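Number of protein chains: 2
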Amino acid sequence: MNTKQVVIIGGGFGGLYAAKAMGRLPLHLTLVDKRNFHLFQPLLYQVATGGLSPGDIASPLRGVVGRQKNTWVVQGEVVDIDPQSRQVILMDGVLPYDVLVVATGVRHSYFGRDEWERSAPGLKTIEDALEIRRRVFTAFERAEREPDPVRRQMWQTFVLVGAGPTGVELAGALGELANRTLRHDFKQIDPTQTRILLLEGGERVLPGYPAALSHKAAAAVTRLGVTVRTHTLVTQIGEHTVTLQQGDKVEHLEVGTILWAAGVQASPLGRVLAEKTGVELDRSGRVKVNPDLTLPDYPEIFVIGDLAHFAHQTGQPLPGVAQVAMQMGYYVAQRLKKGEAAGLRPPFRYKDKGNLAVIGRNAAVADLGWLRFSGYLAWLIWVFIHIAYLIEFDNKVKVLFEWFQDYLFRKRGARLITDE
Amino acid sequence: MNTKQVVIIGGGFGGLYAAKAMGRLPLHLTLVDKRNFHLFQPLLYQVATGGLSPGDIASPLRGVVGRQKNTWVVQGEVVDIDPQSRQVILMDGVLPYDVLVVATGVRHSYFGRDEWERSAPGLKTIEDALEIRRRVFTAFERAEREPDPVRRQMWQTFVLVGAGPTGVELAGALGELANRTLRHDFKQIDPTQTRILLLEGGERVLPGYPAALSHKAAAAVTRLGVTVRTHTLVTQIGEHTVTLQQGDKVEHLEVGTILWAAGVQASPLGRVLAEKTGVELDRSGRVKVNPDLTLPDYPEIFVIGDLAHFAHQTGQPLPGVAQVAMQMGYYVAQRLKKGEAAGLRPPFRYKDKGNLAVIGRNAAVADLGWLRFSGYLAWLIWVFIHIAYLIEFDNKVKVLFEWFQDYLFRKRGARLITDE
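In the order they appear, the protein sequences are chains L and F. When you read off a place in the first sequence, starting at 1, and then add 525, the result is the number in the working numbering. When you read off a place in the second sequence, starting at 1, and then add 525, the result is the number in the working numbering.
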């Protein structure tokens with residue numbers, strides 16, 4: 526019998542954990558990704574606000590799984606999938622498979638207003654983070670040089686659209702930047718006069734969390750100088766302008782920097798799978814998978830991570846977080862290890878280990894299911910969990926020191942303005 | 526009497542040391558730079574080869590001197606200087622001065638063949654380093670995917686033009702990358718078969734060093750798998766092609782990655798000064814300064830660092846290294862502190878504390894004037910001197926840990942391929 530060819534598309538949390546868990550199985554594994562590194566997305570907002578460097582939160586895929594004897598790492602762009610001939614079509618080649626794992630995740634979504642992206646960048650890639658970093662620090666530099674008080678106020682105004690974890694974490698980091706890190710660094714402006722608006726369409730920040738923690742998170746960012754506005758919709762975004770609607774009240778704002786953290790859409794490979802296999806997509810373009818994470822009639826194609834819409838456990842789709850993706854990756858590896866026939870696989874079960882969001886130095890909110898808490902302890906747990914993951918991948922002890930140093934000196938060493 | 530207005534253009538080693546040394550003097554100081562950070566250029570080659578991240582070797586200028594009470598940091602681009610009205614003209618404003626310090630350094634030079642830059646980038650800025658990093662790691666990825674053995678060999682060929690410190694350090698780092706870091710990371714290619722050519726027009730590598738150290742450096746890079754070719758001129762560069770001439774022998778090479786480390790030319794402000802003040806420039810466009818680093822007839826304009834051509838001490842211009850620039854910056858601050866009349870200033874004297882070049886893990890050459898040595902001890906000294914400088918600026922303890930970790934695990938954590 527020939528050895529099975531397994532192809533994993535995507536080196537995010539889902540794909541990488543699947544690849545690691547398959548490292549000793551008797552199969553030929555190919556891990557394909559457009560990029561040559563795994564990105565630790567939960568800390569991307571730290572790069573966007575100058576606290577960490579890209580290299581601190583990215584691990585070369587070859588370094589993580591390239592030395593597994595059964596694993597070939599390919600940097601390449603997947604343009605098509607042919608489920609009939611069982612082939613993945615790359616821009617510059619073809620990869621045949623017996624088992625395919627699609628884990629290409631999501632991008633941010635502008636709900637059909639893609640023209641907003643230029644004025645309000647989102648945060649999914651290293652390049653996104655560097656672009657946001659460039660805009661944030663350039664805004665302070667512009668304000669420092671601006672003689673007109675109205676335009677100066679504009680440069681000192683930041684708007685964050687969306688108060689999920691990314692929006693809240695970015696807002697907290699901006700608040701710290703303005704009120705602590707940069708406090709004494711300028712001569713013409715007072716950074717503590719910076720206006721940071723965190724906008725949320727729903728009734729509270731962190732909608733996925735219990736209400737008590739949402740309130741604590743809102744209180745924590747408010748202490749850092751952030752203005753939280755709930756029930757507030759963004760109806761128009763232009764270059765340095767935002768139009769808000771809160772009930773019947775419409776407001777126009779002049780804004781130096783607008784950041785988007787409001788929604789996601791599935792990777793285009795979701796649509797490819799729908800066309801080729803007839804699988805159903807949800808409104809965000811995510812793939813509605815079977816209880817064993819495969820596609821109907823295609824027991825050899827798994828879809829995992831943020832790209833999967835898995836609603837068999839609670840009736841609601843599982844959230845797009847690293848934990849879910851990693852558990853799905855591990856689940857797929859187990860199925861290949863056990864080699865069950867398609868009908869005999871146990872359904873995937875997500876075990877929720879809790880949610881954490883960080884609001885700034887010393888402040889975070891945690892929801893472990895059986896225990897909810899906030900403040901310094903939650904922050905400490907957050908720091909240790911994140912460092913543990915980073916060290917698992919790549920011995921990134923450095924990040925620990927970076928944070929320790931920030932903690933002691935209240936600095937952000939990576940606040941460089943580099944070119945687009 | 527009004528407080529003196531001092532303007533420093535450029536936040537490199539010269540400008541920044543001048544600004545630091547003036548921190549407590551009774552004057553108004555403005556430090557202008559295009560960028561918002563000081564770049565620790567001696568370690569730029571580490572960013573280019575994935576050993577360090579940009580944030581590790583860059584320090585925000587506001588963090589270093591922004592809190593000095595007498596210092597205003599301005600991010601802005603200088604487009605002109607008017608020595609008659611004593612004004613610096615920015616893209617978006619004007620800065621009057623009583624004393625001007627120009628410290629805008631050099632860029633690489635293609636000796637009139639600027640079209641070579643696209644195919645053979647040089648290494649002066651963070652963006653240069655990231656572009657080189659992208660090319661280097663992309664070359665290995667391309668080789669891994671290339672079925673044609675000739676083209677595969679092309680992707681596994683690197684040419685470095687110029688064997689000064691930058692060329693030698695880059696060659697050593699590439700040798701380590703191919704023969705150690707990446708050794709086990711690929712399946713289709715053998716990274717140890719990588720061909721790295723270090724080309725030098727003169728008779729030996731590190732022409733500025735004593736001959737014995739040049740030979741040790743050549744031996745050290747050779748041990749790392751680098752082929753050194755001296756007396757070799759590059760007569761043509763195209764996309765992935767290099768034409769060499771060694772004596773009468775002409776050779777055409779197919780090359781995946783060509784890097785330029787062969788020459789420098791002065792910043793364009795040198796030419797502006799020549800036009801406006803009549804000061805003489807040398808062939809590289811550097812400004813021929815008086816013994817007190819000022820321009821003839823303009824005792825209030827100092828030119829320091831790499832931009833200055835200072836030949837009063839030895840008859841030869843001082844080398845373009847950080848040490849010279851820092852001592853010049855300190856010298857200018859002393860003149861302002863003492864307030865001597867222009868004719869009464871003591872001439873600048875450079876005190877050479879020695880040269881160091883690093884060739885790879887555990888190997889370096891050092892020339893301290895009274896002592897010359899190479900190998901592990903030179904490498905240790907190199908590491909400590911560089912870390913001492915970095916810590917002085919920015920508490921960059923992190924770099925120490927990055928190196929320690931590289932040393933233990935032989936990794937390069939920052940080998941990301943990011944977009945242009």
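Glycine included, each C-beta is placed from N, C-alpha and C at the ideal position. As the structure is a computational prediction, the values presented were derived from the model and not from experiment.
Beta-bridge partners of residue i, as assigned by DSSP
i             : result
residue 723/F : 685/F, 753/F
residue 771/L : 757/L, 774/L
residue 714/L : Residue 714/L pairs with nothing; no bridge assigned.
residue 763/L : 766/L
residue 606/F : 613/F
residue 890/L : 882/L, 899/L
residue 826/L : 625/L
residue 813/F : 834/F
Boundaries of the alpha helix (DSSP H) in which residue i is found, first to last residue
i             : result
residue 539/L : 538-546
residue 612/L : It is not in any alpha helix (DSSP H) - residue 612/L instead sits in the beta strand (DSSP E) that spans 612-615.
residue 942/L : Element bounds for residue 942/L: n/a, residue is neither H nor E.
residue 661/L : 651-670
residue 588/L : 586-590
residue 678/F : 674-680
residue 736/L : 736-748
residue 582/F : 579-582
Residue range of the unbroken beta strand (DSSP E) whose run includes residue i
i             : result
residue 862/L : Per DSSP, residue 862/L belongs to no beta strand (DSSP E); it is in the alpha helix (DSSP H), 847-863.
residue 632/F : 631-633
residue 799/F : Per DSSP, residue 799/F belongs to no beta strand (DSSP E); it is in the alpha helix (DSSP H), 794-802.
residue 620/F : 618-621
residue 690/L : Note, residue 690/L: premise wrong, no beta strand (DSSP E); alpha helix (DSSP H) at 690-701.
residue 473/L : Since the first residue shown for chain L is 526 and the last is 945, residue 473/L is missing from the structure and cannot be characterised.
residue 533/L : 530-534
residue 596/F : 596-600
residue 897/L : 897-899
residue 947/F : With chain F running from 526 to 945 in the structure shown, residue 947/F is simply not present.
residue 791/F : 789-791
residue 625/F : 624-627
residue 554/F : 553-558
residue 565/L : First-last for residue 565/L: undefined, no H or E at that position.
Within chain L, the residues that residue i reaches when beta carbons sit closer than 9 Å
i             : result
residue 848/F : Per Cβ cutoff of 9 Å: no residues; residue 848/F is ~24 Å from chain L at best.
Where residue i meets chain F, residues with beta-carbon distance less than 9 Å
i             : result
residue 710/L : 585, 587, 588, 591, 592, 598
residue 601/L : 666, 670
Anticipated Cβ contact below 8 Å, residue i with residue j, distance rounded
i             : j             : result
residue 731/F : residue 689/F : 7 Å
residue 832/L : residue 788/L : No, residue 832/L and residue 788/L are not in contact; Cβ-Cβ is about 15 Å, not under 8 Å.
residue 658/F : residue 617/L : Contact doesn't hold; Cβ gap of about 22 Å is too wide.
residue 648/L : residue 569/L : 6 Å
residue 724/L : residue 716/L : Not confirmed; about 22 Å, so no contact.
Partner residues on chain F for residue i, Cβ-Cβ distance less than 8 Å
i             : result
residue 561/L : 662, 666, 940, 941, 942
residue 643/L : Those do not exist, as residue 643/L stays about 17 Å from chain F at its closest Cβ, beyond 8 Å.
residue 617/L : 670
Under 7 Å by beta carbon: chain F residues contacting residue i
i             : result
residue 581/L : 578
Where residue i falls: helix, strand or coil (DSSP)
i             : result
residue 570/L : helix
residue 782/L : strand
residue 920/F : Here the model assigns residue 920/F a pLDDT of 49, short of 50, so the residue's position is not dependable, and the following value carries that caveat. If DSSP states are grouped into helix, strand and coil, residue 920/F belongs with coil.
residue 820/F : strand
residue 706/L : helix
residue 639/F : helix
residue 645/F : coil
residue 866/L : coil
residue 910/F : helix
residue 550/F : coil
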